[in-house]
Amino acid sequence: MEPIVERGRYVEELPVGAVFLHRPGRTATEADNVLFSALTMNTQALHLDAAFSATQPYGRRLMNSMWTLATMVGASVAQITQGTLVAQLGLSDVTFPAPLFAGDTLYCETRVVDSRLSASRPGQGVVTLAHVGRNQDDEVVATATRVALMWCRPTAADATPTTLPTETP
3 MEPIVERGRY VEELPVGAVF LHRPGRTATE ADNVLFSALT MNTQALHLDA
53 AFSATQPYGR RLMNSMWTLA TMVGASVAQI TQGTLVAQLG LSDVTFPAPL
103 FAGDTLYCET RVVDSRLSAS RPGQGVVTLA HVGRNQDDEV VATATRVALM
153 WCRPTAADAT PTTLPTETP
């Protein structure tokens, strides 16, 4: 039996209108918020200072919105772009219509908005993806449009033999 290699999808496997639900969800933690904020040098008190945040409109620390965006896009990798992405070309229309807090669970989905072959890069295509993140109450907490340069399905002429490690008893 041939080994199964997990991968994303080629351009031809991303029809316009397709919706991918990325499961399981990801429960946001205090550690995620502090570590991500520290790694990105974001010292915003709304993410780090519980006493200050308690005096603000939401009454508690907010998850760093860039963590929310990165996690939402990251949730799509296994199903859509793992091994089939050439490059991310851009992000636009990023919104955070509701807050996400530590303890909330982020559920993500992606809809294919557009897909076309590249005019200048044979064997590649440009795919536009609309990402939506919702919390456990189905409230939209983040949206983003992403444009990705993706590989097309290889033809027999493009195929090169690959060697996988074998197990020895």
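Using the numbering used here, you'd call the opening residue of the sequence shown number 3 and step up by one each time.
Ideal Cβ placement from N, Cα and C applies to all residues, glycine included.
Keep in mind it's a predicted model, so treat the numbers as computed, not measured.
How would you write the range of the beta strand (DSSP E) that residue i sits in, first residue to last?
i	result
Phe-22	21 to 29
Ser-94	87 to 97
Leu-108	107 to 119
Ala-132	126 to 136
Alpha carbon to alpha carbon, how far is residue i from residue j?
i	j	result
Gly-10	Gly-135	20 angstroms
Thr-57	Ala-47	11 angstroms
Gly-76	Ser-94	16 angstroms
Val-149	Gly-127	10 angstroms
Val-142	Met-43	27 angstroms
Glu-4	Leu-131	32 angstroms
Pro-26	Asn-35	20 angstroms
Leu-119	Leu-87	14 angstroms
Val-13	Phe-54	47 angstroms
Ala-52	Leu-64	10 angstroms
Glu-8	His-49	36 angstroms
Ser-117	Asp-139	31 angstroms
Ala-80	Pro-124	24 angstroms
Thr-157	Ala-100	45 angstroms
Are residue i and residue j touching if we call contact CB-CB under 7 angstroms?
i	j	result
Leu-23	Glu-111	yes
Thr-31	Ala-104	yes
Phe-98	Asn-66	no
Met-68	His-133	no
Val-115	Met-152	no
Ala-146	Val-96	yes
Thr-107	Thr-29	yes
Does residue i pass the burial test, meaning 16 or more other C-beta atoms within 10 Å, or should it be called exposed?
i	result
Ile-6	exposed
Thr-45	exposed
Leu-41	exposed
Tyr-60	exposed
Arg-155	exposed
Arg-62	exposed
Ser-78	buried
Leu-71	buried
Leu-102	buried
Since residue i is in the alpha helix (DSSP H), which residue starts that stretch and which ends it?
i	result
Met-152	Careful: Met-152 lies outside any alpha helix (DSSP H), inside the beta strand (DSSP E) at 142 to 153.
Asp-139	Careful: Asp-139 lies outside any alpha helix (DSSP H) and carries neither H nor E.
Gly-76	67 to 77
Phe-38	32 to 41
Ala-100	Per DSSP, Ala-100 belongs to no alpha helix (DSSP H) and is neither H nor E.
Ala-56	52 to 56
Between residue i and the ligand FAD, is there a pair consisting of the residue's CB and a ligand heavy atom that are separated by less than 6 angstroms?
i	result
Ala-121	No copy of the ligand FAD appears in this structure; indeed no ligand is present at all.
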